[in-house]
Amino acid sequence: MNFHALSVDQLSSARDDLQDLYRALRDAGLSLDLTRGKPAVDQLDLSNELLSLPGGDDYRTATGADTRNYGMGDGIPELREIFAEILGVPVANLVAAGNSSLELMHDVVSFAMLHGTVDSDRPWVRDEKVTFLCPAPGYDRHFAITEDLGVEMIAVPMLPNGPDVDLCAQLVADDPTIKGLWAVPTYSNPTGITFAEDVVERLMTMPAAAPDFRVFWDNAYVVHTIVDAAPPALPVLQIADEAGHPNRPFVFGSTSKITFAGGGISFFASSTDNLDWFRSHMSKRTIGPDKVNQLRHAKFFGDADGVRAHMRKHADLLAPKFRLVLDILDDRLGDSKVASWTEPEGGYFVSLDVIDGTAAKVIELAADAGIALTAAGSTYPYKKDPYDRNIRLAPTFVEIDDLRSAMDGVATCVLLAAADALLA
Ligand code: PLP
């Protein structure tokens, strides 16, 4: 029933029923966690062959280099080749690094703060103010990096085809303190949307008041489809170059949710000048990445098709979980018109919008019933959702039966909070 079409009496009686349901939910004594987007155990098992690779005395790259020693700061060529194809960048512009792309993003923002970029006239930290545009809902850990490093953040709406690019273009053109924009272009965290081609072009071509404006292009979910095939990664370096902004994109990638989370490989790609800048600072920070792990990964995948074939196995495990979440949302909330949600074709999350002013209440009700949801506001800069509306659901880690119970409970909490709000 459409909650907005009910009389006060009808809504109060619906609320009474929901309170009964909620009491039963609380009495069930659940202890379930839908907070973090982690791979489930069966997904990790898909990569167990890595545990015995490279194997024996197999430690040399295809060109005979010894992966056990220092050196090869850009990473091993065979793995860079595979991921250059996956990320849509030239091999020469791609570095394979350590185990965490988030760490690379933290490094790159820190390098810019401390030293400035190749297009800066001084370190960013010397500017009175440094601002980043933060498409929201977005990834909480991106926002945490910039908050931690003293960068001011402006939320811009995330639309079904990418960030509100008209607003981005206007802000970036007018405000020289805007030095960066966070972007997750494929199966975005948490909305699951993929940026449309015209949005990508606009982001790379729009004039910026700051000559050292950068787009932090975190393509973490570039191959993480749950349908037949992921959209190909757009050649963002080439687009930016042709637009006369070769140094604008900083591209990041990661195998954390392809093989082992925290035990994979991260990637950084950019223009030649940006890479020289990156190397000049990175070489002070480390004498080189873990190339044994890189070799292990190169042998495991074989080639880019090997990565895609591996991702189809992930999709077989994940698609039923996403389907279940969407079915429950549809069954329990579809008619009530008190919530809307994304229907992602990939990535790790479903983004749920509830009636404005009720997200924190839903999360609190769920917590009291033993269902942990990502903290209210997390998908916005400074953890402040101005509408108190967005909830990030992470369906991957829990077992499917637990997911069913958790989502059913979440739906009850959404309806109860909505009934309370509409009756207030
Ligand atoms: N980027 C995005 C958009 C993510 O959602 C995540 C993990 O949730 C990461 C990066 C983390 O990547 P890594 O494990 O390579 O640090």
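For what it's worth, this note's numbering labels the leading residue of the sequence shown as 82, then goes sequentially.
Just so it is clear, CB atoms sit at the ideal spot from N, CA and C, and this is done for glycine as well.
Q. Are the Cβ atoms of F381 and T439 separated by less than 9 Å?
A. Against a cut-off of 9 Å, the Cβ pair of T439 and F381 comes out as no contact.
Q. Hey, out of P312, R329 and D384, whose CA is closest to M287's CA?
A. With distances taken between Cα atoms, M287 lies closest to R329.
Q. Between the Cα of L106 and the Cα atoms of L496, D501 and G490, which residue gives the shortest distance?
A. Selection L496, D501 and G490 evaluated against L106 yields G490 as nearest (Cα-Cα).
Q. Can you tell which of L504, A505 and L474 has the C-alpha that lies nearest to the C-alpha of A492?
A. Looking at the Cα atoms, L474 is the closest of the given residues.
**Q.** Given I167 as reference, the closest of T336, F430, R413 and W358 once Cα atoms are compared
**A.** Checking every option, the nearest Cα to that of I167 belongs to T336.
Q | Same chain, Cβ closer than 7 Å to L185, five either side skipped, listed in chain order | A | The residues are A178, F333, S347 and F349.
Q: Check whether the Cβ of F331 sits closer than 8 Å to any heavy atom of the ligand PLP, and report yes or no.
A: For F331, the shortest C-beta to heavy atom distance toward the ligand PLP is 8 Å or greater.
Q. Can the beta-carbon of S417 be found less than 9 Å from the beta-carbon of M82?
A. It is a contact, given that the beta carbons lie within the stated cut-off.
(Q) Buried or exposed for L504, going by 16 or more other Cβ atoms inside 10 Å? (A) Of the residues assessed, L504 falls on the exposed side of the cut-off, its CB having fewer than 16 other CB atoms within 10 angstroms.
Q: Answer yes or no: the CB of L183 versus the heavy atoms of the ligand PLP, is any distance below 8 Å?
A: Set against 8 Å, the gap from the CB of L183 to the closest heavy atom of the ligand PLP is smaller.
(Q) Is V122 close to the ligand PLP? I mean its beta-carbon at under 8 Å from any heavy atom of the ligand. (A) Checking every heavy atom of the ligand PLP against the Cβ of V122, none is found closer than 8 Å.
**Q.** Where F213 sits in the DSSP three-state scheme
**A.** Strand at F213.
(Q) Within the continuous beta strand (DSSP E) that includes N374, where are the two ends? (A) Where N374 is concerned, there is no enclosing beta strand (DSSP E), although the alpha helix (DSSP H) it sits in stretches over K372 to F382.
Q) At what residues does the beta strand (DSSP E) containing V479 begin and finish? A) Taken as a continuous stretch (DSSP letters only), V479 belongs to no beta strand (DSSP E), as it is neither H nor E.
Q: Grab the span of the alpha helix (DSSP H) containing L115 for me, first residue to last.
A: Counting along the chain, L115 sits inside no alpha helix (DSSP H); it lies in the beta strand (DSSP E) bounded by residues L113 to L115.
Q | Endpoints, the beta strand (DSSP E) within which F192 is located | A | Counting along the chain, F192 falls outside any beta strand (DSSP E), though it belongs to the alpha helix (DSSP H) covering S182 to H196.
Q. Could you give the residue range of the beta strand (DSSP E) that holds W422?
A. Unbroken beta strand (DSSP E) run through W422: A420 to W422.
**Q.** Per DSSP, cross-strand counterpart(s) of P327
**A.** Beta-bridge partners assigned by DSSP to P327: none are found.
Q. What number of angstroms, rounded off, separates the C-alpha of D538 from the C-alpha of M194?
A. Look at the range of the chain in this structure, 82 to 505, and you will see that residue 538 is not part of it.
(Q) Quick check on T275: buried or exposed, where buried means 16 or more other Cβ atoms within 10 Å of its Cβ? (A) Result: buried.
Q | Length-filtered (3 minimum) beta strand (DSSP E) runs lying within the region 399-448 | A | Qualifying beta strand (DSSP E) stretches, in chain order: 420-422 and 431-435.
**Q.** Boundaries of the beta strand (DSSP E) in which M234 is found, first to last residue
**A.** E233 to L240 is the span of the beta strand (DSSP E), which, as asked, contains M234.
Q.
The alpha helix (DSSP H) that contains F22, what's its start and end?
A. In the structure displayed, the chain extends from 82 to 505; residue 22 sits before or after that span and is not available.
Q.
Given a cut-off of 9 Å on the beta-carbon distance, is the pair T460 and G243 in contact?
A. No, these two residues do not count as a Cβ contact at 9 Å.
Q: Measure the alpha-carbon distance for N270 versus W298 and round it to whole angstroms.
A: Here the alpha carbons of W298 and N270 stand approximately 13 Å from one another.
Q | Bounding residues of the alpha helix (DSSP H) (the contiguous stretch that carries V280) | A | Segment E278 to T286, the alpha helix (DSSP H) holding V280.
Q) Taking 8 Å as the cut-off, does the CB of A342 come closer than this to any heavy atom belonging to the ligand PLP? A) The answer is yes for A342.
Q. Secondary structure at L262, three-state DSSP: helix, strand or coil?
A. Residue state, collapsed to three classes: strand.
Q.
Once the 5 residues before and after M488 are set aside, which same chain residues still bring their CB inside 6 Å of it?
A. Once the five neighbours on either side are set aside, the close Cβ partners of M488 are V406 and I409.
Q: Using DSSP bridges, identify the partner residues of L474.
A: Bridge partners of L474: V431.
Q | Residue range of the unbroken alpha helix (DSSP H) whose run includes L454 | A | From DSSP, L454 is part of no alpha helix (DSSP H) but of the beta strand (DSSP E) over I452 to L454.
**Q.** Cβ separation of A420 and V435, assumed to be a contact under 8 Å, to the nearest whole Å
**A.** The pair is a contact, with the Cβ atoms about 5 Å apart (cut-off 8 Å).
Q. Hey, would you say the C-beta of G345 is under 8 Å away from at least one heavy atom of the ligand ADP?
A. Absence of the ligand ADP is noted for the structure shown, with the ligand PLP being the only ligands found.
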